[in-house]
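This note's numbering numbers the first residue of the sequence shown as 6 and each following residue consecutively.
All residues carry an ideal CB built from backbone N, CA and C; glycine is no exception.
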Amino acid sequence: MIAEGDAYSRVNETIKQKDLNIYFNKYGGAWLPLYFSMMVSALSLLNNSHITPRLITLVFSLSSCAALYFYTKEYTKDKIIALLSSFIYLIFPLRLFLSTQTLSETIFIFFLLVSFTFLLKEKLNTYELILTLLFVNIAHGIRYESWIILPLIWIIVLSRKNSYKVKSLLIFSSTLFPLYWLYLNQIYTGNYLTFFNVKYEVAQSNKISQYSNFYLSYKAWRDKLIPLFQFHL
């Protein structure tokens, strides 16, 4: 089985946290905690470090295809386009590759798509509002990319037909997990940007100049994707 080094690192970290009975790592660091919370919980139910993390990733990857259908349908108001989009995503080579890995991307994409599906609605009821805030903050707790698109989320919220009170609640509540993570970093490390500093230092110390070469990047992905479509009798 082809696997990224990062995928192995995440599994090892999951096993470590499970052995220490840590279901939520509140001590800060470069990696956000909710991916590991899910994996540790899953391993507690099915203690197989080879199968369980990949099974969880596969389930969320397939679920994201359904989430993309509803997102596209809400955005375009066209079922045919929504079906076509979800089908293309279903057979998208990178999705197939990531589905076999124990990375956080596929899980993150699912929660992000569900969040945006609700955000695209003209008006949210109480139930939809709660689900939106829940899924947005779960996405925040899995990958930092969700933090980067916060301004886009706010623009979408402001363009909806909800009351000013609901819009204000959505905008403020969409920052709950990022603010909580900054607070935890400050409490346990003395610096609310510890996670950012650690990521920067690691990136600089492990910088590989070849990554900026487009051909080498293409070749690396090609060599990893092609074996997925090779079947041996």
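Query	Result
Outcome for Gly-195 when other beta-carbon atoms lying within 10 angstroms are tallied against a minimum of 16	exposed
Same chain only: Cβ atoms within 6 Å of Ile-158, ignoring 5 sequence neighbours per side	Ser-179
Own chain residues within Cβ distance below 7 Å of Ala-87, not counting five before or after	Tyr-74, Thr-77, Lys-78 and Thr-81
Ile-27 in three-state terms, based on DSSP	coil
Unbroken stretches of the beta strand (DSSP E), 3 residues or longer, contained in the stretch 107-164	none
Ile-56 - DSSP class collapsed to helix/strand/coil	coil
Contacting residues, own chain, Cβ-Cβ under 7 Å from Leu-124 (five flanking each side not counted)	Thr-137, Ile-158, Ile-161 and Val-162
Secondary structure of Ser-69, DSSP reduced to three states	helix
Local Cβ density within 10 Å of Ser-69, reported as buried at 16 or more and exposed below that	buried
Reduced DSSP category for Tyr-169 - H, G, I as helix; E, B as strand; rest coil	helix
C-beta atoms of Pro-58 and Val-119 nearer than 9 Å	no
Contact under 9 Å by Cβ, Leu-129 with Asn-167	yes
Straight-line Cα distance separating Ser-49 from Gly-34	23 Å
Inter-residue Cα distance where the pair is Ile-153 and Arg-165	21 Å
Buried/exposed call for Ser-127, threshold 16 Cβ in 10 Å	The sequence given here has Glu at residue 127, not Ser. Exposed, since its Cβ has fewer than 16 Cβ neighbours within 10 Å.
Rounded C-alpha distance that separates Ser-54 from Ser-104	16 Å
Nearest residue (CA-CA) to Ile-96, options Phe-113, Leu-108, Leu-67 and Thr-122	Leu-67
Span of the alpha helix (DSSP H), counted from its first residue to its last, around Ile-86	84-95
Endpoints, alpha helix (DSSP H) assigned at Tyr-32	Element bounds for Tyr-32: n/a, residue is neither H nor E.
Ser-179, DSSP secondary structure in three states	coil
Neighbour-count burial assignment, Gln-22, 16 or more Cβ in a 10 Å radius	buried
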